[in-house]
Each structure stands twice: as structure tokens, then as C-alpha cells.
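> Residue numbers (the numbering used here), protein chains in the order written: chain A, 47 to 299; chain B, 47 to 299.
From the three backbone atoms N, C-alpha and C, an ideal C-beta is built for every residue, glycine too.
1) Going by beta-carbon coordinates alone, are residue 193 (chain B) and residue 247 (chain B) separated by less than 8 Å?
2) Between residue 88 (chain B) and chain A, is the shortest Cβ-Cβ distance under 8 Å, so that the two count as touching?
3) If you follow the beta strand (DSSP E) that residue 291 (chain A) is in, where does it begin and where does it stop?
4) As a quick exercise: from B:253, B:298, B:64, pick the residue whose alpha carbon is nearest that of residue 85 (chain B).
5) Alpha carbon to alpha carbon, what distance is there between residue 164 (chain B) and residue 295 (chain B)?
6) Helix, strand or coil: which one does DSSP assign to residue 135 (chain A)?
7) Residue ranges of each beta strand (DSSP E) run of no fewer than 3 residues wholly in the stretch 144-199 of chain A, ordered along the chain?
8) Could you check what DSSP says for residue 214 (chain B) in three-state terms: helix, strand or coil?
9) Using DSSP's beta-bridge definition, name the partner residues of residue 117 (chain B).
10) With 16 as the cutoff for other CB atoms within 10 Å, does residue 61 (chain B) come out buried or exposed?
11) Quick one: does residue 184 (chain B) have its CB under 8 Å from some CB of chain A?
12) Quick one: complete beta strand (DSSP E) runs, 3+ long, within the stretch 199-273 of chain B?
13) Return the CA-CA distance between residue 123 (chain B) and residue 279 (chain A), expressed in angstroms with no decimal places.
14) For residue 281 (chain B), report the span of its alpha helix (DSSP H) as first-last.
15) State the Cα-Cα distance for the pair residue 253 (chain B) and residue 291 (chain B), rounded to the nearest angstrom.
16) For a quick check, are the C-beta atoms of residue 115 (chain A) and residue 144 (chain A) less than 8 Å apart?
17) Who are residue 301 (chain A)'s beta bridge partners in DSSP?
18) Around the Cβ of residue 275 (chain B), are there at least 16 other Cβ atoms within 10 angstroms (buried) or fewer (exposed)?
19) The alpha helix (DSSP H) with residue 103 (chain B) in it runs from where to where?
20) Please classify residue 131 (chain B) as buried or exposed, where buried requires at least 16 other C-beta atoms within 10 Å of its C-beta.
21) Whose C-beta lies closer than 6 Å to the C-beta of residue 249 (chain A) among residues of the same chain, with five residues either side of it excluded?
22) Any beta carbon of chain B sitting closer than 8 Å to that of residue 159 (chain A)?
23) Under 8 Å: do the stretch 258-271 of chain B and the stretch 225-238 of chain B share three or more Cβ pairs, one atom per stretch?
24) Along chain A, which residues have their Cβ under 7 Å away from the Cβ of residue 180 (chain B)?
25) What are the start and end residues of the alpha helix (DSSP H) that includes residue 52 (chain B)?
26) Which partner residues of residue 93 (chain B) appear in the DSSP bridge assignment?
27) Among A:77, A:206, A:284, whose alpha-carbon lies nearest the alpha-carbon of residue 111 (chain A)?
28) Within 8 Å (strictly less), CB to CB, does residue 175 (chain B) reach chain A?
29) Measure how close the beta-carbons of residue 72 (chain B) and residue 51 (chain B) come, nearest whole angstrom, since I'm counting them as under 8 Å.
30) Counting Cβ pairs closer than 8 Å, one from the stretch 191-211 of chain B and one from the stretch 166-179 of chain A, do we hit at least three?
31) In this structure, how does DSSP classify residue 57 (chain B) when only helix, strand and coil are distinguished?
32) Are the beta-carbon atoms of residue 301 (chain A) and residue 102 (chain A) separated by less than 8 Å?
33) Residues in its own chain within less than 7 Å of residue 223 (chain A) by CB, not counting five upstream and five downstream?
34) Starting from residue 47 (chain B), find everything on chain A with Cβ-Cβ shorter than 8 Å and list it in chain order.
Okay, here's the thing in C-alpha cells:
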């Protein structure tokens, strides 16, 4: 998109399962128009920097006078691990994007926060690119529900994820990262992808419950991985029940 | 938008209250990448060409081998005047855009119809420009309701508009076009804009009913104009009642 439409050029601070670091930023030849951090880094297993790493990264951006943007699609889910309030976290960046349809469980949509003049420009570009809808009421309503009902539960979801990730390895399910940084983490099993998918679907058909998104082959032959996300439905089970169920469904025929 | 983002250059087939004609197209120096017709032409008072004019215009596009696109935001409302079915009308164009939130009374959204390869390209550009939402279910649901409940009433709305436009001049309200081409037309009164707006708002406050969109000064000093759109709520009044009410609210203190 942005490359083709606007001629943007991207430099990567990190690739794969690595977090962008202050050191990587220091080494990048300038000048940079903006720096973007995804919090958490989903393709790395929902990894987060520590608060100290994050604030030191932000300080370097300020020093270099380059605007820092947070892709905070799961920023709500990141606050418990970072150990700071949402306003403090967002305060490290110049602009922050948040998603309405992930942790907030809204229908769709997003918001960008930042200084008034920057947001006015964002609004103009949204109009130019055809992104201004006649009404966004359904999205706004469902996002407001999420802010009221989901955000206060994020610490509970994170605690549950940490507890579940602690139990799973003993039952034969590997986890990454350990402990999880957010309410979501990777789970890995020594089972072929087709077999584990067929077990998941058999369970889904019988119980009308989908435990995980689709599985993919891991780097290690014979292993597969998927993501496990803790949400309000997960809390219907105790951690022991959830761990036992995952092991039963994913590891036995 | 398109000018700035994609370097599009536009030539106008007509400006102001004139309809684009086959003659105007024939005179335009080529080559053209595409020709766009708005049906009806809203800024001209919801004007439509006749079916013969439209099909002859489309034939010239085919002759010139330039794709014809219908901006059919109010295409549903145009079918009764054109006297042909929606599929026949759309069949004159290479691609057609329809709106979900005007005549269909959906929440927002639109659709583009055309040959598979063109729509595949449209889909790709929608993605690139950030217009692909995680879900569009609320819009789709409300548009489907409109297709089922509003489209079959379009002829009735148009008939009502024609009947109402016939009654209004005797009561001191001018109309354009006469007869209306769709379910919407312009109404004009020999009253200053502030006065007519204040009468409209007094009525809206008392009766919780907004009769028209905001009024604007007409070219003729002392006159003002607005649009009147016939929809399902209008049918709660007989044509005589609606005409009398408009005259009472707009023309008397």
C-alpha cells in the first residue's frame, strides 16, 4: 500500500522473531521521516520490550528528532506486562494507533491519537483516500463497549495466559514466549499440521467450540504451531481445565 | 483525492445544471481512460437523461472504446424514470457504483459491479488504499434490508414526487425539475434563507420532524432553495397533506 501509493521507503529495525532495539535504531543511517514500533510484535509471538527498553528507545527517537509511532493494535493487552498505564505508554510516542476489533472485540475500525495538527492531517488523508464512511456508528458503539468491559479485564487475561503457559509444557505442549507478554502466546506441539487440524475440527464439530486459529508447520519437522488468545470465553474454564482440554484435543486421537 | 493520489486528470462533459450529452463527449479530444456519468446528476437537481439519450451516449463510448462508469449512487431511484430494469440500465455501462446509504437507507457503504478482472483490480486497490475493513456486516445487513424493502418502492416514491411537484406551485413553492426525474427534486421559495431556516427549525422543535435538509440562497435575490426527498416516512401523508404542510411551514410565520 504505502510503498506504491506514496513512494514510502522502509528500513527494518528487526526481522522475524526479534524485537527492534535502541541499538538497531542507533545504527540506521538517517534521516528518517518516522519510526514505527508494533506493540506487541505479533509475528514474533506477541513479544514486548520491557518498559525500560521502550522508554530508552523513545528517548533516542526524541534525541534524533524523529517522530515515533506506535502500532498499538494490541496496546490494551500490553499494559499489564509493561507495568504502566495506557496514557503513560502512549505518552512515549508522538502518535499511536489502536485497533477496535482485537482486544476490544469491536466489529472493526481503529483510532489514531496524536497532536491536533497531525491528526488534522491524518483526517485529511483519510478523506482523500476514501476512508471516510457516511457513518461509523456500529464500530464506535462496539468499540465503546470494549473500552468499558474489556480493557479493565486485560490484567486478568494476562495473568491467565501466564498461568496457562506454566501448566502446558508438563502436558506436552511447548509455549513461546515463556512467560507470555500479553494475553496471547504461541503454542507448539510435536504433531503434523494436518493431524492437529483434523483433531481441532473434530472437537469444533462436536462441541461447537474453536480452541485456536488454524495451525501451521513449525521449523522443526513434525511440529506445528498456532496462537492461543485468552479472552472472556476462556475464563469459563479454570486454568487446569483449559490446559487439560488443550492437551486432550491436540495430543490424542 | 484521485487527482492528488493518482495524478488523475479530469475533463468535464458538463458543468452546473447541465446534463452530459453525446455531443459533448464527441467533442472531447481523446484519448480518454474512462468516462463517468452520475445518474441522476444531483448538483443539477437530480436530473436524468432519457433512456434513448443514455443508450446513445453508451453506444458512443463503445465506439470510442472507452470504458463507461456509472456513478449510480441513486441508480435505484432512477429506474422508474428511465423506464428500464436495473440490470438493463447497468448493462449500458462497463462498471457501475451503487450506494447503500441513500435510497436503500443502509448505514453506509457501496458496491462496484463490473467484469471479474476489473473488480479484482478494484479489490486490490481497495486493500492498498486501506479501505478493507475487518468486517462490513452491519453495512451489508442494512443494505440487504434496503434491497428487499426499499427497491420495490422506488416507483411509488417517484410517483409521489411527481404528484407533490404538481401541487406545490399553486401553493407558492417552485419546483425543479418539473416533473421530477427521481424521488427527489429541488423546491424553491421567495423567502430569505435565514427566515425559511428559522421556520423549519421551529417546526422541527415542535413536531420532531425535519421536512428538508438545510436551505441555501438561490441565484434570485430573496429566494432560497432546498431538496425534497420522498421516502417511506413521506408516505404517512397524502400528497395534499404534504403539500399543505410544506406551504404552511415554509411560507407563513
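Let me lay it out:
1) What you label residue 193 (chain B) is simply residue 147 of the second chain in a count that begins at 1. What you label residue 247 (chain B) is simply residue 201 of the second chain in a count that begins at 1. Contact flag unset, no.
2) As a position in the second chain, residue 88 (chain B) is number 42, starting the count at 1. No, no contact with chain A.
3) Taking the first residue of the first chain as position 1, residue 291 (chain A) is located at position 245. Run containing residue 291 (chain A): none in the beta strand (DSSP E); it sits in the alpha helix (DSSP H), 285-297.
4) Looking up residue 85 (chain B) in the second chain gives position 39. The option with the nearest alpha carbon to residue 85 (chain B) is B:64.
5) Taking the first residue of the second chain as position 1, residue 295 (chain B) is located at position 249. Taking the first residue of the second chain as position 1, residue 164 (chain B) is located at position 118. Straight-line Cα distance between these residues: approximately 49 Å.
6) Here residue 135 (chain A) corresponds to residue number 89 of the first chain, with the count starting at 1. DSSP places residue 135 (chain A) in helix when its eight states are reduced to three.
7) 156-159
8) In the second chain, counting from the first residue as 1, residue 214 (chain B) sits at position 168. In the structure shown, residue 214 (chain B) sits in a helix (DSSP, three-state: H, G or I).
9) In the second chain, residue 117 (chain B) corresponds to position 71, counting from 1. Looking at the DSSP assignment, residue 117 (chain B) forms a beta bridge with B:84, B:143.
10) Here residue 61 (chain B) corresponds to residue number 15 of the second chain, with the count starting at 1. Residue 61 (chain B) is exposed by the Cβ-count criterion.
11) For the purposes of this step, residue 184 (chain B) is taken as the residue at position 138 of the second chain. Chain A, which has a Cβ nearer than 8 Å to the Cβ of residue 184 (chain B), makes this yes.
12) 220-222, 230-235
13) Position 77 of the second chain, counting from 1, holds the residue named residue 123 (chain B). Position 233 of the first chain, counting from 1, holds the residue named residue 279 (chain A). Near 46 Å, if we compare the C-alpha coordinates of residue 279 (chain A) and residue 123 (chain B).
14) Working through the second chain from its first residue, we reach residue 281 (chain B) at position 235. Premise fails: residue 281 (chain B) is in no alpha helix (DSSP H) and is neither H nor E.
15) For this step, residue 253 (chain B) is matched to residue 207 along the second chain. For this step, residue 291 (chain B) is matched to residue 245 along the second chain. In a straight line, the C-alpha of residue 253 (chain B) is about 12 Å away from that of residue 291 (chain B).
16) Position 69 of the first chain holds residue 115 (chain A). Position 98 of the first chain holds residue 144 (chain A). No, the Cβ-Cβ distance between residue 115 (chain A) and residue 144 (chain A) is not below 8 Å.
17) Lying outside 47 to 299, the shown extent of chain A, residue 301 (chain A) is not represented and no answer is given.
18) By one-based count along the second chain, residue 275 (chain B) stands at place 229. Residue 275 (chain B) should be labelled buried.
19) Position 57 of the second chain holds residue 103 (chain B). Start and end: 97-110.
20) The count along the second chain starts at 1 and reaches residue 131 (chain B) at position 85. So residue 131 (chain B) counts as exposed.
21) As a first step, residue 249 (chain A) is located in the first chain; it is residue number 203 there, counting from the start. So the qualifying residues of the chain are 295.
22) For the purposes of this step, residue 159 (chain A) is identified with residue 113 of the first chain, where counting begins at 1. So, not an interface residue.
23) yes
24) If you number the second chain from 1, residue 180 (chain B) lands on position 134. Within chain A, the residues near residue 180 (chain B) are 147, 154.
25) By one-based count along the second chain, residue 52 (chain B) stands at place 6. Where residue 52 (chain B) is concerned, the enclosing alpha helix (DSSP H) stretches over 48-52.
26) The residue labelled residue 93 (chain B) in the question sits at position 47 within the second chain. DSSP lists B:87 as partners of residue 93 (chain B).
27) Position 65 of the first chain, counted from the start, is the residue given in the question as residue 111 (chain A). For residue 111 (chain A), the nearest C-alpha among the options comes from A:77.
28) As a position in the second chain, residue 175 (chain B) is number 129, starting the count at 1. At least one chain A Cβ lies under 8 Å of residue 175 (chain B).
29) Position 26 of the second chain, counted from the first residue, corresponds to residue 72 (chain B). Position 5 of the second chain, counted from the first residue, corresponds to residue 51 (chain B). The Cβ separation is near 30 Å, so there is no contact.
30) no
31) Counting from one through the second chain, the residue named residue 57 (chain B) turns up at place 11. In the structure shown, residue 57 (chain B) sits in coil (DSSP, three-state: anything other than H, G, I, E or B).
32) What the structure shows of chain A is the stretch from 47 to 299, and residue 301 (chain A) is not part of that stretch, so it cannot be assessed.
33) Within the first chain, the letter at position 177 stands for residue 223 (chain A). Taken in chain order, the residues that qualify are 91, 93, 231.
34) Here residue 47 (chain B) refers to the residue found at position 1 of the second chain. The answer, in chain order, is 173, 174, 175, 176.
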